[in-house]
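Residue numbers (my numbering): 630 to 704.
Using N, Cα and C, we set each Cβ at its ideal position, and we do this for glycine too.
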């Protein structure tokens, strides 16, 4: 049986391009704030040994970074 986090990881991967497109219109400050939040949550997941949550947050971080790059440097 898949955990809720595993399902969220699959959805994040499946819909990555769509999420990145949505975030491309956010301003850099908002993207930066999300990165800070995800990194804090990643540290907590790491400290707790929650590998699934860490993996999910890594994917979220990757998507925000990609959106931020596209926003600031274009395609």
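Three-state secondary structure assigned by DSSP to residue i
| i | result |
| --- | --- |
| residue 693 | helix |
| residue 633 | helix |
| residue 767 | What is shown of the chain runs 630 to 704, which leaves residue 767 out entirely. |
| residue 659 | helix |
| residue 643 | helix |
| residue 669 | helix |
Residue from the options with nearest C-alpha to residue i
| i | options | result |
| --- | --- | --- |
| residue 702 | 653, 675 and 686 | 653 |
| residue 700 | 637, 655 and 642 | 655 |
| residue 694 | 672, 677 and 649 | 649 |
| residue 636 | 696, 678, 688 and 651 | 688 |
| residue 697 | 644, 658, 643 and 647 | 658 |
Sequence-distant residues of the same chain with beta carbon closer than 7 Å to residue i, five excluded per side
| i | result |
| --- | --- |
| residue 682 | 634 and 674 |
| residue 645 | 692 |
| residue 663 | 693 |
Cβ distance (whole Å) where residue i is taken to contact residue j below 8 Å
| i | j | result |
| --- | --- | --- |
| residue 638 | residue 684 | 6 Å |
8 Å CB neighbourhood of residue i in its chain, flanking five on each side removed
| i | result |
| --- | --- |
| residue 667 | 686, 689, 690 and 693 |
| residue 641 | 648, 685, 688, 689 and 692 |
| residue 660 | 652, 693, 696, 697 and 700 |
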